[in-house]
DNA sequence: TAATATTTTCAAAAATATTTGAAAATTCAA
DNA sequence: TTGAATTTTCAAATATTTTTGAAAATATTA
């Protein structure tokens, strides 16, 4: 397969993949494009390569920056803005984990704390089932939170070498 | 807060949460409803509680069953079908991980294997950047695959106790 | 078997999410 | 400053996903 075709496949798949994870297709495609670009790109470059409008590029690049996955780059005497993405996949994964944890896991745990205060007699099967579920989610969520904190601080080396230990 | 209000909040939040993860709102809501129901429910129960159509319940219940998160239950002399969900959150998480791994991670790794065969001179910066990205994803993905296999086989106890060890 | 209850299907409608493109705002060079 | 280049915004258009509801299929009982 030639490079151009391979790139296209990579970008399309990354986009489809993102879709499954609640990330919009274009944002994922722009990310893919930046990942495989040796040099920073302008918004016009992205418009052209992905065949999308200026507004679309602009909004999704901003979103990528919000997620900490891309950044603006000032180039010597150039007037236009350039953008790059973090290339180290381990760092990319950690950054996504960090953001989703903050945006989703933490609010969810707060909700569980609140729902844990629900009034009612625990002898009532309905109250019991509800409380058990809330407690179960809270307990596991707290552990996941700590585990992900460890992951975020870890080096790739740690992760890779621990794969073996985990099987013991 | 009263039980009914708490249930509503739980169901709505679980639905919104699912949405962020590429799972449709209704499927997540049905799952939430089954999680907190001490007894199995019929499709009519779900239609009424969630205010959705029969077709919608039917399709999403089937989807939950596909994901291994719910199952049909035959009740003594009843004519209608009943449904329940796995209540153990650790098992629920493992099941979701198992399915997503199979549906998404594995196909992605296959694609990386294929893209790794791309023709081209590695001295070309564009070829190099592409190949480095593909290799990076492949390498990390393979490790994630193994780690998740370990997780899927693990007991909750293992997970919970390992949180501490991971910090060392 | 026929009558009734229940479940499933799926085309069309509705809801939601994404994208466009042109106007407004901003930045920069002279 | 001014004016051209560039970026940003956002209402409207488009695309995608989800939901409905009624007809068809299936299952159950008498």
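Protein chains in written order, with this note's numbering: chain A, 1 to 168; chain B, 1001 to 1168. For each residue, glycine too, the CB sits at the ideal point set by N, CA and C.
Partner residues on chain A for residue i, Cβ-Cβ distance less than 8 Å
i	result
residue 1031 (chain B)	Simply none; closest approach about 11 Å.
residue 1017 (chain B)	104 and 108
Selected residue, minimal CA-CA separation from residue i, among the options
i	options	result
residue 100 (chain A)	A:46, A:155 and A:144	A:144
residue 106 (chain A)	A:35, A:148, A:82 and A:41	A:148
residue 104 (chain A)	B:1057, B:1016 and B:1011	B:1016
residue 1164 (chain B)	A:150, A:155 and A:164	A:150
residue 1126 (chain B)	A:39, A:20, A:32 and A:23	A:39
residue 73 (chain A)	A:67, A:20, A:14 and A:82	A:82
residue 1156 (chain B)	B:1094, B:1014, B:1046 and B:1009	B:1094
Any C-beta of chain B under 8 Å from that of residue i
i	result
residue 109 (chain A)	no
residue 25 (chain A)	no
residue 159 (chain A)	yes
residue 70 (chain A)	no
residue 13 (chain A)	yes
Burial state of residue i (16 or more Cβ within 10 Å)
i	result
residue 158 (chain A)	exposed
residue 18 (chain A)	buried
residue 29 (chain A)	buried
residue 1060 (chain B)	buried
residue 1091 (chain B)	exposed
residue 152 (chain A)	exposed
Cβ of residue i within 8 Å of any chain A Cβ
i	result
residue 1170 (chain B)	Residue 1170 (chain B) lies beyond the range of chain B shown here (1001 to 1168); nothing can be said about it.
residue 1047 (chain B)	no
residue 1043 (chain B)	no
residue 1150 (chain B)	yes
Under 7 Å by beta carbon: chain A residues contacting residue i
i	result
residue 1036 (chain B)	129, 130 and 133
residue 1125 (chain B)	38
residue 1137 (chain B)	89
Under 7 Å from the C-beta of residue i: neighbouring residues of chain B
i	result
residue 20 (chain A)	1022 and 1104
residue 91 (chain A)	In chain order: nothing, as chain B lies at least about 10 Å away.
Contacting residues, own chain, Cβ-Cβ under 7 Å from residue i (five flanking each side not counted)
i	result
residue 1063 (chain B)	1027
residue 1007 (chain B)	1036
residue 1112 (chain B)	1134, 1137, 1138 and 1141
residue 11 (chain A)	29, 32 and 33
Where residue i meets chain A, residues with beta-carbon distance less than 9 Å
i	result
residue 1002 (chain B)	118, 119 and 120
Own chain, CB closer than 6 Å to residue i, minus 5 neighbours either side, in chain order
i	result
residue 128 (chain A)	122
Residue i beta carbon near the ligand ADP (any heavy atom closer than 7 Å)
i	result
residue 163 (chain A)	What this structure holds is no ligand at all, so the ligand ADP is not there to describe.
8 Å Cβ shell around residue i - same chain, five flanking residues per side excluded
i	result
residue 1042 (chain B)	1080, 1081, 1082 and 1083
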